[in-house]
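Reviewing the structure listed below.
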Amino acid sequence: MKFERALLKRPIVVIPATVIAILAAAGLANSVLSNSSDQEAAYQVVTVAKQDPVTIDGKAGLKQDDAYYYKPERGDLAAINVSNGQKVAQGDLLFSYQNIEAQQQIEDANRQLNRLYNERARLYDQLNSGQAMASSAGTTYLAQPLSQDLAGKDGSQAPALADSPGALAGQEGVDQSGVNLLPAADEAATDPASPASGATNDAIYDQLRQVNQQIEDAEINLSRAQNNTNNLVTAERPGRVVVDEAGRTDSSRPLIRVVSEDSQVQAEAGEYDYYLLSKGQSVDLEIPANGQSTTGEISNYSKLPSQSPSLPAAGGSVAPSGGEAKFAFTVKPKEKIQPGFSVKISFPLKGFALPASALVKDKGKTFVYLYKDGQVKRQEVPTQKQGRQEVVTDQLKAGDQVVVNPEGLSDGQEIEVTDQANSAKPDQKD
Numbered sequence: 001m002k003f004e005r006a007l008l009k010r011p012i013v014v015i016p017a018t019v020i021a022i023l024a025a026a027g028l029a030n031s032v033l034s035n036s037s038d039q040e041a042a043y044q045v046v047t048v049a050k051q052d053p054v055t056i057d058g059k060a061g062l063k064q065d066d067a068y069y070y071k072p073e074r075g076d077l078a079a080i081n082v083s084n085g086q087k088v089a090q091g092d093l094l095f096s097y098q099n100i101e102a103q104q105q106i107e108d109a110n111r112q113l114n115r116l117y118n119e120r121a122r123l124y125d126q127l128n129s130g131q132a133m134a135s136s137a138g139t140t141y142l143a144q145p146l147s148q149d150l151a152g153k154d155g156s157q158a159p160a161l162a163d164s165p166g167a168l169a170g171q172e173g174v175d176q177s178g179v180n181l182l183p184a185a186d187e188a189a190t191d192p193a194s195p196a197s198g199a200t201n202d203a204i205y206d207q208l209r210q211v212n213q214q215i216e217d218a219e220i221n222l223s224r225a226q227n228n229t230n231n232l233v234t235a236e237r238p239g240r241v242v243v244d245e246a247g248r249t250d251s252s253r254p255l256i257r258v259v260s261e262d263s264q265v266q267a268e269a270g271e272y273d274y275y276l277l278s279k280g281q282s283v284d285l286e287i288p289a290n291g292q293s294t295t296g297e298i299s300n301y302s303k304l305p306s307q308s309p310s311l312p313a314a315g316g317s318v319a320p321s322g323g324e325a326k327f328a329f330t331v332k333p334k335e336k337i338q339p340g341f342s343v344k345i346s347f348p349l350k351g352f353a354l355p356a357s358a359l360v361k362d363k364g365k366t367f368v369y370l371y372k373d374g375q376v377k378r379q380e381v382p383t384q385k386q387g388r389q390e391v392v393t394d395q396l397k398a399g400d401q402v403v404v405n406p407e408g409l410s411d412g413q414e415i416e417v418t419d420q421a422n423s424a425k426p427d428q429k430d
């Protein structure tokens, strides 16, 4: 009897176990489906924040620093005509040379020219005296120097042609030296017995040609000698004088510098930051050495690299040198900065940089999905290129949350978010 009751109870134990197994399997499946659904509805967001400025290292210097060196080959140093700290204007005399040898060359050239002028005058007198005997209507020759500057040290005027050789040359009976080869317009001039006719006149004309050629050579030599005695050194631009006495004996050091009162900051931007450069661009300046902070603006920049990123190889091909191209630029600071100090130049960046995966392109427009209180809002935003990245310039503010990879979302949809980034980060450059 006990055995029979035991058999009757066994089905009661088996049935609850089967039910439990079925229920457990169903619960597990439901849990998996529920987790999968939650994961599909979860999105990541980034918090909009202002961009960090781009900082470039620079060096403060003088806006103007003109160096003037003493060159012994130009002569001895005669005098320094300015003092240290003196203000000078453009064209003011800084120092002068004394070149005795060049001065002697000028004096020798002047003496030679004076002798040649006198010789030419004598020949004209000889020619004219013969023609005057033949006819009172004979040609009159006047002599004056070709150049007033070449008349001699005493400024006296040596005889020369009344008309310049260039004005007479090419006319009938006139040679290249300007000497009139035609006889006097008088019948007496055609008389073979006339003293101004025949071989005598021909000989005088030949001598005049030779003298004129010698005068031309001497004038060229004098001009060259005068150029060599440019013994005055003047200021090219206004400024304040700095005298370095060591420049008297060391030609590698400037004897005098003319510097400006204003300072400037010079730096170089890499090719990835070239887009920051524009004339008039405002920048922030910080000087670590003394803690000074000021502002400035770019006064000029180079559109050509200061060093080439590639070098030509054999056969005309280009071989990479491994260096990034650099572009020089100059900043005009609002306040004076000590020359030689290092300067941090910061470029403030406008707009908000978001990951490219947060921007949705639709029919030529750009949208983002703002997340707030569990829902998303589709927002159109204006953008602009900033280097290699695209930044949002309006319709967002710092602290807004934007959904990343918002594919499949619609305006007003409720979503769940997973990890939140502290701030939006721009795409990194390679």
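Read in UniProt numbering, the sequence shown has 307 at position 307, and its numbers run on one by one without any break. Using N, Cα and C, we set each Cβ at its ideal position, and we do this for glycine too. None of these values were measured; they are calculated from a predicted model.
{"Asked": "With a CB to CB cut of under 8 Å and the five nearest residues on each side skipped, what residues in its chain are close to Lys-59?", "Found": "Val-265, Gln-266, Ala-267, Gly-340, Phe-341, Ser-342, Val-343"}
{"Asked": "Report yes or no: do the stretch 109–125 and the stretch 247–265 share at least 3 C-beta pairs separated by less than 8 Å?", "Found": "no"}
{"Asked": "Can we say the stretch 75–85 touches the stretch 238–256, given the rule of at least three CB pairs closer than 8 Å?", "Found": "yes"}
{"Asked": "Determine the direct distance from the alpha carbon of Ala-328 to that of Leu-222, and round the result to whole angstroms.", "Found": "46 Å"}
{"Asked": "With a Cβ-Cβ cutoff of 8 Å, do Arg-122 and Leu-208 count as a contact?", "Found": "no"}
{"Asked": "Would Pro-333 be called buried (16 or more neighbouring beta carbons within 10 Å of its own) or exposed?", "Found": "buried"}
{"Asked": "Excluding the 5 residues preceding and the 5 following Arg-378 in the sequence, name in chain order all residues of the same chain whose CB lies nearer than 7 Å to its CB.", "Found": "Phe-367, Tyr-369, Asp-411"}
{"Asked": "Indicate whether Ala-358 and Val-402 have their beta-carbon atoms separated by less than 8 Å.", "Found": "yes"}
{"Asked": "Identify every run of the beta strand (DSSP E) within the UniProt domain \"YknX-like C-terminal permuted SH3-like\" (353–417), keeping only runs that are complete inside it and at least 3 residues long; order them along the chain.", "Found": "360–362, 365–372, 375–380, 383–386, 389–392, 401–404"}
{"Asked": "Do the stretch 48–58 and the stretch 234–252 touch if we need at least three Cβ pairs shorter than 8 Å?", "Found": "no"}
{"Asked": "For Leu-304, does the three-state DSSP call read helix, strand or coil?", "Found": "coil"}
{"Asked": "On the DSSP letters alone, give me the boundaries of the beta strand (DSSP E) that Gly-270 sits inside.", "Found": "263–270"}
{"Asked": "Counting C-beta neighbours from all protein chains within 10 Å, is the total for Glu-219 16 or more, i.e. buried, or is it exposed?", "Found": "buried"}
{"Asked": "Taking 8 Å as the threshold (C-beta atoms), are Leu-94 and Tyr-68 in contact?", "Found": "yes"}
{"Asked": "Excluding five sequence neighbours on each side, which residues of the same chain lie with their C-beta closer than 7 Å to the C-beta of Ser-129?", "Found": "none"}
{"Asked": "Return the residue from the list Lys-397, Val-376, Gln-384 that minimises the CA-CA distance to Gln-44.", "Found": "Val-376"}
{"Asked": "Can you look up Tyr-274 in the DSSP assignment and give me helix, strand or coil?", "Found": "helix"}
{"Asked": "Output the boundary residues of the beta strand (DSSP E) element that contains Tyr-68.", "Found": "65–68"}
{"Asked": "Can you tell me the Cβ-Cβ gap for Gln-64 and Arg-237, rounded? I've got them flagged as a contact below 8 Å.", "Found": "6 Å"}
{"Asked": "What residue range does the beta strand (DSSP E) around Pro-339 cover?", "Found": "Careful: Pro-339 lies outside any beta strand (DSSP E) and carries neither H nor E."}
{"Asked": "Counting only the same chain and skipping the five closest in sequence on each side, list residues whose C-beta sits under 6 Å from that of Tyr-371.", "Found": "Val-45, Gln-401, Val-403"}
{"Asked": "What are the partner residues of Tyr-43, as DSSP defines its beta bridges?", "Found": "Val-417"}
{"Asked": "For Ser-282, does the three-state DSSP call read helix, strand or coil?", "Found": "strand"}
{"Asked": "Would a C-beta distance cut-off of 8 Å place Lys-350 and Thr-393 closer than the cut-off?", "Found": "yes"}
{"Asked": "Checking 8 Å against the spacing of the C-beta atoms, do Glu-271 and Ala-325 come in under that value?", "Found": "yes"}
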